[in-house]
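Residue numbers (this note's numbering), protein chains in the order written: chain A, 1 to 144; chain B, 1001 to 1413.
What follows is a short report on a single structure.
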Amino acid sequence: MSSNLKRIVAVWGAPVLVAAIAAVMCSRYPPESFAQEAKHPAAVAPEVHFSPISVTLPPGATTFPPGPGSDIANANCVICHSTGMVLRQPPLAVEEWKTEILKMRNAFGAPIALDQVDALAKYLGTIDGRRSGTQPSGVDSEAN
Amino acid sequence: MDIDQSEISGQRRSFLGGLAALGMAALAQPLIGYAAESDIIDLPFDNGKRTLTSAFPQKSQVILQRTRPPLIETPFDVFDRGVFTPNDRFYVRWHLPNIPTSIDPASFRLDIHGYVQKPVSLTLQDLVKEFPRFEIAAVNQCSGNSRGFFNPRVPGGQWANGAMGNARWTGVRLKDLLNHAGVRSGAVQVRFDGLDNGVLAQTPKFKKSLAIDHALDGEVMVAYAMNGEPLPLLNGYPLRLVVPGWYATYWVKMVHDMEVLDKPDDNFWTSKAYLVPDNHFANVHPGEQGIRQVPISTMLPRSFFTNVHAGQTIHAGQPTLVRGIAFGGVNALKKVQFSADRGAHWSDAALGRDYGKYSFRQWRTTVTFPQRGKRVLMVRATDSTGQVQPNMPNWNGAGFMRNVVESVDVQIA
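In structure tokens, the structure reads:
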């Protein structure tokens, strides 16, 4: 390539490219005032296409680690939620668990018999994986 | 000896057009990186081991907090890549387990009724074609974001700092929809209902209400797109409420029903749940009784490091880029300040492109540490009203509204 030609390309390359892009854009969006555009932005901005959607959600674990009281947890807690977040709580005192259980019962309708609340609170306060320094509890950490 | 503050470059450079330039700058400077992604992530609190999962539809490599109903967190390194949080990494929080898994956009209707002149039932095409398009960049943050850092610990979703995200929301102003139905004089609130349900009949339906003046403020909107795409199902496809500057509990997902009320909403989720102490920063002492509680509302300023993390080693004597994100909450972000000496001295950080008062904004500074040893780096945001992040963390029993100054311990070597 001659140096002359190189110079022409160097000088005119960018402006020509900009003009080409502008031409393509203008052919798609007819020029009009911003005020006009603002009146019907949907016609200017790209369309949003709504498609039918169907998905599958992971089911979540429904079995608590074995121990005295785990049957109560398995019968009541997992009606509405998987075990995972329970097992990821910080170490809570049995009394704090009792408060949580009564909230689930009174505010959300968990069908826990009143005479089972203490046993469930004790279970949740003592199950594996709840003390500091231990690994995640015996539950599958993949999908709970 | 403390480092010379002049070494901390706080010059306000414009960012040469934003994210692309930031990426280039990152390549040109000693980049402080994260460890490679693995399937396990350790959140920095007791019982904080979590799985990174791609098991949820339209989501990839997110932190599993609970499978059903879904509770998934955005890994924090995502926030270093730009101010807009990608849809497939955006956190998710549902209250009730029966979430529709199929949505037919052709038959979907948004109903507006109650204390209006003319109840209406709108299709998605009505929303797109019949109403002016509105777009806003806004942070969506869970009321309980960062709950895992509360001390003493409190029950609830044990989030680190990733129960938040920033997106461009596209849709229509709520004001235009309500005016279309004609709000009758004397209306006090609008109540929003989504398509999710509990399993048990006794479980209260998840509904939230906003004061009528707030609903008509011209910023609250119904979004049908998020970052230019239809919303992921778990973020509320096909429609979600967007309440800029307010905590995400009000941003009702899969919203399909709006009821204008002539008396205050007394349903569980509006009047009894999501309450905070009625004081600045929602702050009480553990065990304190008799504190007046009010519904949570507007967000506070926050700022974060995104390219530096606790325990990291930084080379002494080399200019090092330190950067992060910040937002003002309900007010605009005014400034972000950086401290390299545990808060003894602060200098203004440079701010990246402004996408609007409710958006994340990137901040950055360059610092050189001449001395080896341990350092505590801090960052704090101030909003347009002069409100600054507090030095001491707040505490409340629900684990809401954390916005303490962030700090990271680093090793200079």
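Glycine included, C-beta positions come from ideal geometry on N, C-alpha and C.
Item to check | Rounded C-alpha distance that separates B:Val1388 from B:Gln1289 | outcome: Going by the C-alpha atoms only, they are around 27 Å apart.
Checklist entry - If we cut at 9 Å on Cβ distances, does A:Val55 have a partner in chain B? => result Under the Cβ criterion of 9 Å, A:Val55 is counted among the residues facing chain B.
Checklist entry - Applying the criterion that 16 or more other CB atoms from any shown protein chain within 10 Å of the CB defines a buried residue, is B:Leu1027 buried or exposed? => result In this prediction, B:Leu1027 scores a pLDDT of 40, lower than 50, which makes its location untrustworthy; the coordinate-derived value is nonetheless stated afterwards. Per the 10 Å Cβ criterion, exposed.
Next on the checklist: Please report whether the beta-carbon of A:Ser79 lies at a distance below 9 Å from any beta-carbon of chain B.
Outcome noted: The amino acid occupying residue 79 of chain A in the given sequence is Ile; Ser does not appear at that position. Closer than 9 Å to some Cβ of chain B, the Cβ of A:Ile79 qualifies, so yes.
Item to check | Straight-line gap, B:Pro1075 to B:Gln1058 (C-alpha atoms, nearest Å) | outcome: If I take the Cα positions, the gap works out to 16 Å.
Next on the checklist: Does any residue of chain B have a CB that is nearer than 9 Å to the CB of A:Leu17?
Outcome noted: Judged by the 9 Å Cβ criterion, A:Leu17 is not in contact with chain B.
Item to check | chain B contact for A:Ser33 (CB, 9 Å cutoff) | outcome: Confidence at A:Ser33 is low in this model, with a pLDDT of 40, below 50, so the placement of that residue should be treated as unreliable; the coordinate-derived value is given next. No, its Cβ sits nowhere closer than 9 Å to a Cβ of chain B.
Next on the checklist: Can you list, in chain order, the residues of its chain with a C-beta nearer than 6 Å to that of B:Arg1109? Leave out the 5 residues immediately preceding and following it.
Outcome noted: Answer for B:Arg1109: Ser1121, listed in chain order.
Item to check | Rounded separation between B:Ala1163 and A:Ala119 - CA only | outcome: If I take the Cα positions, the gap works out to 33 Å.
Checklist entry - Hey, is B:Ser1143's beta-carbon within less than 9 Å of any beta-carbon in chain A? => result So no, B:Ser1143 is outside the interface.
Next on the checklist: Against chain B, with Cβ distances strictly below 9 Å, would A:Leu92 count as a contact?
Outcome noted: Cβ-Cβ to chain B under 9 Å: yes for A:Leu92.
Checklist entry - How long is the line joining the alpha carbons of B:Asn1179 and B:Trp1246, rounded to whole angstroms? => result Just so you know, the alpha carbons of B:Asn1179 and B:Trp1246 end up roughly 22 Å apart.
Next on the checklist: I need the boundaries of the beta strand (DSSP E) containing B:Ser1209, first residue and last residue.
Outcome noted: The continuous beta strand (DSSP E) containing B:Ser1209 extends over residues 1207-1211.
Checklist entry - Can you list the beta strand (DSSP E) stretches of 3 or more residues lying completely in the segment 1160-1226 of chain B, in chain order? => result Segments of the beta strand (DSSP E) lying fully in the segment 1160-1226 of chain B: 1164-1173, 1189-1194, 1207-1211, 1221-1226.
Item to check | Extent of the continuous alpha helix (DSSP H) run through A:Ile127 | outcome: Annotation for A:Ile127: no alpha helix (DSSP H) segment contains it, and DSSP assigns it neither H nor E.
Next on the checklist: Any beta carbon from chain A within less than 9 Å of B:Gly1148's own beta carbon?
Outcome noted: Yes, contact with chain A.
Checklist entry - Tell me which same chain residues have a C-beta within less than 7 Å of the C-beta of B:Arg1323, skipping the five on either side of it? => result The answer, listed in chain order, is Thr1306, Asn1307, Gln1362, Trp1363, Arg1364.
Item to check | For B:Tyr1115, the nearest candidate out of B:Gln1189, B:Gln1065, B:Leu1321, B:Val1410 (CA to CA) | outcome: For the residues B:Gln1189, B:Gln1065, B:Leu1321, B:Val1410, the minimum Cα distance to B:Tyr1115 belongs to B:Gln1189.
Next on the checklist: Quick check on B:Thr1249: does DSSP put it in helix, strand or coil?
Outcome noted: In the structure shown, B:Thr1249 adopts helical secondary structure according to DSSP, grouped into three states.
Checklist entry - Hey, B:Asn1140 and B:Arg1402: beta-carbon distance below 9 Å or not? => result Pairing B:Asn1140 with B:Arg1402 gives a Cβ-Cβ distance that is not under 9 Å.
Checklist entry - Could you give the C-beta distance for B:Gln1158 and B:Gln1293, rounded to a whole number, given that I count them as a contact under 8 Å? => result Going by Cβ atoms, the distance from B:Gln1158 to B:Gln1293 rounds to 22 Å, so no, they are not a contact pair.
Checklist entry - Just by C-beta distance, which residues in the segment 1049-1061 of chain B are closer than 7 Å to chain A? => result When CB distances to chain A are screened at a threshold of 7 Å, the residues of the segment 1049-1061 of chain B falling below it are Lys1049, Thr1051, Ala1055, Phe1056, Pro1057, in chain order.
Checklist entry - Where DSSP assigns a beta bridge to B:His1113, which residues make up the other side? => result According to DSSP, B:His1113 shares a beta bridge with B:Glu1259.
Checklist entry - In three-state terms, what does DSSP make of A:Gly138? => result The predicted model places A:Gly138 with a pLDDT of 29, which falls under 50 and marks its position as unreliable; any figure quoted below should be read in that light. Assigned with DSSP and collapsed to three states, A:Gly138 falls in coil, not helix or strand.
Checklist entry - Taking 9 Å as the CB-CB cut-off, is A:Ala110 touching chain B? => result It does; some Cβ of chain B falls within 9 Å.
Next on the checklist: Checking 9 Å against the spacing of the C-beta atoms, do B:Ile1112 and B:Val1330 come in under that value?
Outcome noted: The answer is no: Cβ separation not under 9 Å.
Checklist entry - Per DSSP, B:Met1378 is paired with what? => result Partner(s): B:Ser1339, B:Ser1407.
Checklist entry - With 16 as the cutoff for other CB atoms within 10 Å, does A:Pro90 come out buried or exposed? => result Result: buried.
Item to check | Contacts that B:Pro1202 makes with chain A (C-beta to C-beta distance below 8 Å) | outcome: Before going on, a small fix: residue 1202 of chain B reads as Gln here, not Pro. Phe108, Gly109, listed in chain order.
Next on the checklist: For a contact defined as C-beta to C-beta under 8 Å, what are the partners of B:Pro1238 on chain A?
Outcome noted: Under a criterion of Cβ atoms nearer than 8 Å, the residues of chain A adjacent to B:Pro1238 are, in order, Phe50.
Item to check | For B:Asn1151, the nearest candidate out of B:Ala1413, B:Ala1398, B:Asp1409 (CA to CA) | outcome: Of B:Ala1413, B:Ala1398, B:Asp1409, the smallest CA-CA separation from B:Asn1151 is found for B:Ala1398.
Item to check | C-alpha gap between A:Trp12 and A:Leu5, whole angstroms | outcome: For A:Trp12 and A:Leu5, the distance between alpha carbons rounds to 10 Å.
Item to check | Cβ pair count under 8 Å reaching 3, the segment 1312-1320 of chain B against the segment 1404-1411 of chain B | outcome: Result yes; three or more Cβ-Cβ pairs closer than 8 Å.
Checklist entry - For B:Phe1206, which residues of its own chain have a beta-carbon under 7 Å away from its beta-carbon, when the five flanking residues on both sides are left out? => result Answer for B:Phe1206: His1095, Leu1096, Gly1194, Asp1196, Trp1269, listed in chain order.
Next on the checklist: Suppose you measure from the CA of B:Ser1143 to the CA of A:Ala19; what does that come to, to the nearest Å?
Outcome noted: Straight across, the Cα-Cα distance linking B:Ser1143 with A:Ala19 is about 49 Å.
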